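Reading through the structure tokens given below for one structure.
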Amino acid sequence: MKNNKYVEELQTKTAAELKEELVAAKKELFNLRFQNATNQLENTSRIKEVRKNIARISTVIAQKANS
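Written out as structure tokens, the structure is:
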């Protein structure tokens, strides 16, 4: 699956790279929410996808912190 490859890719990154990706994903989520509020967003499922990616990144960061 696509998601498994994404998680494996995240696990190979360093903590600094993960934090950068987390910040970028949060910015993207903010922009998507803003577009949705102003009725400019065409693909509303992207919000859900980005939220799940943020959760995946946060999980990998927590796993790296515990090990």
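Residue numbers (my numbering): 13 to 79. Idealized CB from N, CA, C, for every residue including glycine. Since the structure is predicted, the reported quantities are computational estimates derived from the model, not experimental observations.
Query raised in the report: If you run the structure through DSSP and keep just helix, strand and coil, what is GLN54?
Result: Stepping through the sequence shown from its first residue, residue 54 is reached at position 42. According to the sequence displayed, residue 54 carries Glu and not Gln. Of the three classes helix, strand and coil, the one that applies to GLU54 here is coil, per DSSP.
Report task. Could you check how far apart the C-beta atoms of ILE66 and ARG45 are, in whole angstroms? I think they sit under 8 Å. Result -> Looking up residue 66 in the sequence shown gives position 54. Looking up residue 45 in the sequence shown gives position 33. Incorrect: roughly 12 Å between the Cβ atoms, too far for contact.
Report task. Check whether the Cβ of TYR18 sits closer than 8 Å to any heavy atom of the ligand FMN, and report yes or no. Result -> As for the ligand FMN, it is missing from this structure, which has no ligand bound.
Query raised in the report: GLU40 and VAL19 look like a contact to me (Cβ under 8 Å); what is the Cβ gap, rounded to whole Å?
Result: The count along the sequence shown starts at 1 and reaches residue 40 at position 28. The count along the sequence shown starts at 1 and reaches residue 19 at position 7. GLU40 to VAL19, Cβ: 18 Å. No contact.
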